Amino acid sequence: MTSAAAAGSPVDGWLATLAIVLSLAVAVWALVAAVRQRPPDRIQFAGLAVVELALLALTVVALVALGGGDRPGEPGAFFGYLVTLVCLPPLAWVLARMEPTRWGSAIVCAICLVTPVVVVRLQQTWEVVGG
Numbered sequence: 037m038t039s040a041a042a043a044g045s046p047v048d049g050w051l052a053t054l055a056i057v058l059s060l061a062v063a064v065w066a067l068v069a070a071v072r073q074r075p076p077d078r079i080q081f082a083g084l085a086v087v088e089l090a091l092l093a094l095t096v097v098a099l100v101a102l103g104g105g106d107r108p109g110e111p112g113a114f115f116g117y118l119v120t121l122v123c124l125p126p127l128a129w130v131l132a133r134m135e136p137t138r139w140g141s142a143i144v145c146a147i148c149l150v151t152p153v154v155v156v157r158l159q160q161t162w163e164v165v166g167g
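Okay, so the sequence shown: first residue is 37 according to this note's numbering, each after it adds one.
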């Protein structure tokens, strides 16, 4: 359930939705490449870069809100998810470069499927209201 406190969440809204949609689009592209037994290509790496930019923008928005006095419901979990979130696309890039086979594309796909889950968990940790 949402509350008045959750309605103003800086990690909710169009930027989070954009990050989720971009991540899922890259996941589909990488899945198609993996099924076709293709290694990661430039489009996958460019997609990871775009996803990372969206996640960095989401992080900046969250940090600005924190600087403005807003607080997440679960600060420890929130910061854990935030750090994890910005590390996922670079991790996918490194692992995919180390595995230049179809499994590299599978790695990109898997990490891009995990990213939306972490975004949603980030939103949930902000919206927790004590009581």
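C-beta: ideal position from N, C-alpha, C; glycine also.
Given the structure is predicted, the values throughout are model-derived calculations rather than measurements.
**Item:** contact_flag[the region 155–164, the region 111–118] where n(CB pairs < 8 Å) is 3 or more
**Value:** Counting Cβ pairs under 8 Å, three or more are found: they touch.
**Request:** Counting only runs of 3+ residues fully inside the region 82–139, write out the beta strand (DSSP E) ranges in chain order.
**Result:** Counting only runs of 3 or more, we get nothing.
**Request:** Check whether the Cβ atoms of threonine 95 and valine 122 lie closer than 8 Å to each other.
**Result:** Their beta carbons are under 8 Å apart, which means threonine 95 touches valine 122 by this criterion.
**Proximal residues to valine 144 (C-beta, below 6 Å), its chain only, five neighbours per side dropped** = Excluding residues within five positions, the ones whose Cβ falls inside 6 Å are Ala66, Pro76, Gln80, Ala128, Ala132.
**Request:** Determine contact between the region 100–115 and the region 135–151, defined as no fewer than three beta-carbon pairs at a distance below 8 Å.
**Result:** No contact exists between the region 100–115 and the region 135–151.
**Prompt:** To the nearest angstrom, how far is it from the Cα of arginine 78 to the Cα of glycine 109?
**Reply:** When only Cα atoms are considered, arginine 78 and glycine 109 end up about 39 Å apart.
**Message:** One question on the structure: do proline 136 and glutamate 88 come within less than 8 Å of each other, judged by their Cβ atoms?
**Reply:** Annotated as distal: proline 136 and glutamate 88, with beta-carbon spacing of 8 Å or more.
**Message:** Rounded to the nearest angstrom, what separates proline 111 and threonine 161 at their Cα positions?
**Reply:** Roughly 8 Å separates the two Cα atoms.
**Request:** Could you give the DSSP three-state label for arginine 157: helix, strand or coil?
**Result:** In the three-state scheme derived from DSSP, where H, G and I count as helix and E and B as strand, arginine 157 is classed as helix.
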